[in-house]
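Participant: One rule links them: number in the numbering used here = place in the sequence shown (from 1) + 3. Don't be surprised by glycine CBs; every beta carbon is placed ideally from N, CA and C.
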Amino acid sequence: MSSLFLSRPSPRARRMTAAVVVLSAVLGACSTLPQRGQVVMRDVSFPLRDFRMPSGLRVVVEQDARAPVVAVVALVGTGGSSDPAGKEGLAHVVEHLAFRSRHAGSPSVWTRLEDLGAGRFNAFTSLDHTLYQTMAPKESLAALLKMEGQRMSAPLAGVTPEVFAVEREVVRNELRQRNETGYVGQVFSWMHAAAYPPEHPYSRPIIGTHDSLTALALADAQRFARNHYRPDNVTLVIAGDVDLAAVEAVLMQSLPPAWVGTGAPLAVDTRLPQVTEPPLKAAAPSIPEYKASVGSPELYISWVLPRSFDEASAIHDFVRVNLSRSLSGAQLTDGDIAGVGTQVIPGTRASLLVVRVPLTTGANPRRSADKVLDRVYETWTQSISAGAVLGREFDFQSMRRNVITGMVLESEDLMSRTVRRAELTHFMLDVRGYTRAQMALMTIDGGKVTDFAYKWLQRERARIILVRPGESGGASVAAPATLPEETSPVTAEQRITPSMLTALSAPVQTLKLDNGMEVLLAPRPGLPVVRVGAVLGGGSTYGAKPGAAAMASYGAFRESWFEGHASHWGLHVYGDMHKDHERIEVAGTAGNIGNMLALLSEQLATTRTSLEAVKYLQEQVVPWRRAVDAHPEVRAERELMKALYGTHAYSRDATGEEMAQVSWEDVQTWIGDVYRPANTVVVIAGEFDVKTVEPLVREYLGGWKHGPATAVSVPGAPALPEPSAKARTLVTPRPGATQGHLQLACRLPTATPEAAARYSMMAELVSGRAFHEVRSQRGASYGFSASTWVARGGASHLVVEGVVDAQRMTEGAKYVQDLLSTFATNLDEGEVARSRSRLLATQAVSFISSESWVQALLDARVRGFSPESLAQRPAHLQAVTAAALKQEFDGCLKRLVVGVVADEAQARTALQALSVP
């Protein structure tokens, strides 16, 4: 069986395919590009097999041989809306516990995933489903399916009351973390409560409350799992480098016999409730207000829409994209509005369209909400004049191209595509659901979108809440008993597969243009997608005037549009400012690569700002930045970088006050200095022919002439701080916090590709041990992580961070410091080998999409590493020894900086307990 990306192409689709053939001949001459309005790509097919097991289990297998990896997604048709009243959060707790399950004397599922070389695994609980996702080397497929079958059939096997108590505290810490440290998860619960009637299952919090979590017992979880984790309620989707001819035998040998079943396939009832009109709660007389860890007040405006997960819901994407483009105009009518973003929260009974509106002061939230609602109305108002009608049709066609290209780009990500196929197959009961939804996107017309908006986005249907800065955590409870450490019988060497060592070995060609620009070409056939990324050295810390770069990031624009707008070809354009560089990316279909290069060249050559833009930023953005500057997490990050880098440029992060002192001349000077060819590196990755693209590169990118034939100055890595017997400590008060955000960081010696491999190993060692100890064994945190930052010039540092229950901050801080001390003196090769295998597994599943290649190659060049260093990463990791790591940890311990964001009294108590190395 097979599924076409443009399944059974319509005449129009066939014309698009034919256009690629014509285009290829034309592009070679470098004279003509696809005309405006043409999204050009070849047709793509993903061969499929669809298994309907007698047990009711649905298994879909998709072949995508772009990389030697497989993605396995298991979807259980139960989510937060299935939680019993008073026990909200139960489905989510079961999801957590499923990683703790043990089968037939084996280690936990979490440990088995690591043993199988899974470089990426996670899960989430939604309103109506729970989804487990894994990516691993293709060699692991049979063992991975066996493990997944055991987890689905017995998700709580081997889970003891002690394990349940620890994991419930992990979830409780997740709830606190979402409310207190920048990820405001409970906002979604508040929005749902404002939008849906109290008796509706969507009105209740998916993650639960502290009271509902306290009410849960292991028996509740066991009863829930028995009721919902059934083969007829599960869809399994496998995608990647799979042999479709042999996969049936693998399924039959790997899945539990009861989950395969015998006889005729079981008929499964419909999974989409017959809801004619989604419910809507009566509007509150005033805007409900809540408190959470936001940098400034935020409005959330939502509308209840019809359900998702069917063909008709494709229109949700059109509405969301159109609003995202049009609502920014609200900032021009209300000086308190600092930005606007949109999101759709899907469900099988209804969906929720959400508009998030950060405010500067929140002095008049009703006025701000009205200004946004005015823009919503204006977006869909029917115009009478011929010019306005034509303009609306032009906008709609632009939006259509944007959405279609976004569909293709999402499909390039193997896991995103597998998740979406699992969701649509499960709820539509049709393996063609994914293709049907894509075709529905392509055939929506403007009248249908407008009619939809007029029905569902009326002002009186909007529900609004306001979230102000503050604390909303739950009280701590007694700590559960610490669980014993878990070991695995699988050696690190057994985890490493051949594909892990070759995942980064694709060819990369380097072009040096006459204007000084460097261009890297990384052809990656398989899907008709191309991404072009550019980095300009400098970044937010560059320049004589603090804040000039920040103002440029907000207020710079492309002056000339001779080569057209990105919307003419459905191209997606992104931009981001980092401390040491600025990054621009253009993504689109492969047949439009010439348009992408022409647009990028014009953007680079004509970027500027204006007096009006700078004035607008001074009036609109700077006040908001001043408000955000006062947020504890922002202040803490600034202080940490100052402690690490002293007077070096990388310690700087422009404040709103500094931005207020920046003039138009300052911004224009910064742009003129940074935007020059010799200061630019471009990476092109995706499906293209090098011989065809190289002339286009030389014509468009090579035609840009500006500035000196050198890059901007690279700040050398500052000298390492003098060794100290006592860690430097920083406290950022957050009164009343029920958690503490811990950061332990240290400067590292100047980075090279070999040193960067050691630094990655350091982060992996600390992450693995701290995560399992503080989270899995003690339940004191939602999780610890460690990462390394490597910048232009070789400056680098390690940071270990986590959010810990306030009553257990001393325990968490001391554990991490003791862990660093242990690694400095006692680090065996076995633990190093296990960390190495985890890193190799992560790399193996991370380099499938063109985006991943663009980002990795740009990162390498920003750091001054050669393009070949990417392919050398596995060898560099294999060369790292325990002795070299102990030396690095010893130096780190002597340069340690410890920061805490928490209630001040508790923070100082925790810091006083830190031992002297």
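(1) In chain order, what residues of the same chain have a beta carbon less than 7 Å from the beta carbon of residue 584, not counting five sequence neighbours either side?
(2) DSSP has residue 808 in a bridge; who is on the other side?
(3) Any idea which residues DSSP pairs residue 878 with across the strands?
(4) Is it true that the CB of residue 353 sits closer than 8 Å to the CB of residue 440?
(5) Whole angstroms is fine: what's the gap from residue 900's alpha carbon to residue 672's?
(6) Hey, quick one: how far does the beta strand (DSSP E) through residue 775 stretch, first residue to last?
(7) Taking 6 Å as the limit between beta carbons, can you name the residues of its chain near residue 241, skipping five residues before and five after?
(8) Suppose you measure from the CA of residue 459 to the CA of residue 319; what does that come to, to the nearest Å?
(9) Classify residue 140 as helix, strand or coil using the three-state DSSP reduction.
(10) With DSSP run on the structure shown, which of helix, strand or coil describes residue 124?
(11) Quick one: give me the first and last residue of the alpha helix (DSSP H) that residue 717 is part of.
(12) Decide yes or no for the touch test of the stretch 160-172 against the stretch 207-226: beta carbon pairs closer than 8 Å, at least 3 of them.
(13) Taking the alpha carbon of residue 122 as the point to measure from, which residue in 199, 95, 848, 896 has its own alpha carbon closest?
(14) Can you tell me whether residue 280 is buried or exposed? The criterion is at least 16 other CB atoms within 10 Å of its CB, across all chains shown.
(15) Closest to residue 736 by C-alpha separation, out of 810, 634, 769, would be which residue?
(16) Counting only runs that start and end within the stretch 185-245, where is the alpha helix (DSSP H) found for 4 or more residues in a row?
(17) Among 854, 810, 855, 768, which residue has its Cα nearest to the Cα of residue 891?
(18) Quick one: is residue 568 buried, meaning 16 or more other Cβ sit within 10 Å of its Cβ, or exposed?
(19) Let me make sure I understand the geometry here. Which of 852, 109, 179 has the alpha-carbon closest to that of residue 420?
(20) When you compare the CB positions of residue 300 and residue 376, do they come within less than 8 Å of one another, or not?
(21) Short of 7 Å in beta carbon distance, which residues of its chain neighbour residue 622, apart from the five on each side in sequence? Order them along the chain.
(22) Compute the Euclidean distance between the alpha carbons of residue 136 and residue 679, then round it to the nearest angstrom.
(23) Using 8 Å for Cβ pairs, my map puts residue 355 next to residue 307. What's the rounded Cβ distance?
(24) Kindly identify the DSSP beta-bridge partner or partners of residue 817.
(25) Pair every Cβ in the stretch 784-794 with every Cβ in the stretch 754-762, then say whether three or more of these pairs are closer than 8 Å.
(26) By DSSP, does residue 16 sit in helix, in strand, or in coil?
(27) Pull up the distance between the alpha-carbon of residue 821 and that of residue 828, whole angstroms please.
(28) In terms of alpha-carbon separation, which member of 247, 720, 876 lies closest to residue 764?
(29) Of all the beta strand (DSSP E) runs that stay within the bounds of the stretch 81-123, which reach a length of 3 or more residues?
(30) In angstroms, rounded to a whole number, what distance separates the CA positions of residue 882 and residue 372?
(31) On the premise that residue 861 lies in contact with residue 690, defined as a C-beta separation below 8 Å, what is that separation, rounded to the nearest angstrom?
(32) Alpha carbon to alpha carbon, what distance is there between residue 93 and residue 936?
(33) Quick one: Cα of residue 305 to Cα of residue 366, how far?
(34) Tell whether a beta-carbon distance below 8 Å holds between residue 687 and residue 524.
(35) Across the stretch 137-147 and the stretch 80-87, are there enough close Cβ pairs to call them in contact, namely three or more that are closer than 8 Å?
(36) Could you compute how far the alpha carbon of residue 905 sits from the alpha carbon of residue 80?
Facilitator: Checking against the coordinates, here is how it stands:
(1) Excluding positions up to five away in sequence, the list reads 538, 539, 540, 541, 542, 795, 865.
(2) Beta-bridge pairing links residue 808 to 742.
(3) Under DSSP, residue 878 forms no beta bridge with any residue.
(4) Not in contact: residue 440 and residue 353 (Cβ atoms no closer than 8 Å).
(5) Answer to the nearest angstrom: the Cα atoms are 36 Å apart.
(6) For residue 775, no beta strand (DSSP E) segment is defined, and its DSSP state is neither H nor E.
(7) Counting only Cβ-Cβ distances below 6 Å, and skipping sequence neighbours, we find 64, 75.
(8) Using only the alpha carbons, I get a separation of about 11 Å.
(9) It is a strand residue.
(10) Residue 124 falls in the strand class under three-state DSSP.
(11) Looking at the DSSP string, residue 717 is not in any alpha helix (DSSP H), and its letter there is neither H nor E.
(12) As far as the Cβ criterion goes, the stretch 160-172 touches the stretch 207-226, which means the pair count is three or higher.
(13) Ranked by how close their Cα comes to the Cα of residue 122, the residues 199, 95, 848, 896 have 848 in first place.
(14) By the 10 Å Cβ count, residue 280 comes out exposed.
(15) It is 634 whose Cα lies nearest to the Cα of residue 736.
(16) Runs of alpha helix (DSSP H) with 4 or more residues, each lying fully within the stretch 185-245, are found at 189-198, 213-217, 221-231, listed in chain order.
(17) The residue from 854, 810, 855, 768 with its alpha-carbon nearest to that of residue 891 is 768.
(18) Burial call: exposed.
(19) The residue from 852, 109, 179 with its alpha-carbon nearest to that of residue 420 is 852.
(20) Going by C-beta atoms, residue 300 is not nearer than 8 Å to residue 376.
(21) When the five nearest sequence neighbours on each side are left out, the beta carbons in the same chain lying within less than 7 Å of the beta carbon of residue 622 are those of 338, in order along the chain.
(22) A direct Cα-Cα distance of roughly 43 Å separates residue 136 from residue 679.
(23) Indeed, because the Cβ distance is near 6 Å, the residues count as touching under 8 Å.
(24) The partner list for residue 817 (beta bridge, DSSP) is empty, contrary to what the question assumes.
(25) A contact exists between the stretch 784-794 and the stretch 754-762.
(26) Interpretation of residue 16 is limited by its pLDDT of 31, a score under 50 that renders its predicted location unreliable; the figure taken from the coordinates is listed afterwards. Helix.
(27) Each residue's Cα considered, the two are about 11 Å apart.
(28) Residue 764 has its Cα closest to that of 876, out of 247, 720, 876.
(29) Complete beta strand (DSSP E) runs here, min 3: none at all.
(30) So the two alpha carbons sit approximately 58 Å from each other.
(31) Going by Cβ atoms, the distance from residue 690 to residue 861 rounds to 19 Å, so no, they are not a contact pair.
(32) An answer regarding residue 936 cannot be provided, because it is not within the stretch 4 to 920 covered by the chain.
(33) Whole-angstrom Cα-Cα distance: 21 Å.
(34) The Cβ atoms of residue 687 and residue 524 sit closer than 8 Å to each other.
(35) Short answer: they don't touch.
(36) Each residue's Cα considered, the two are about 39 Å apart.
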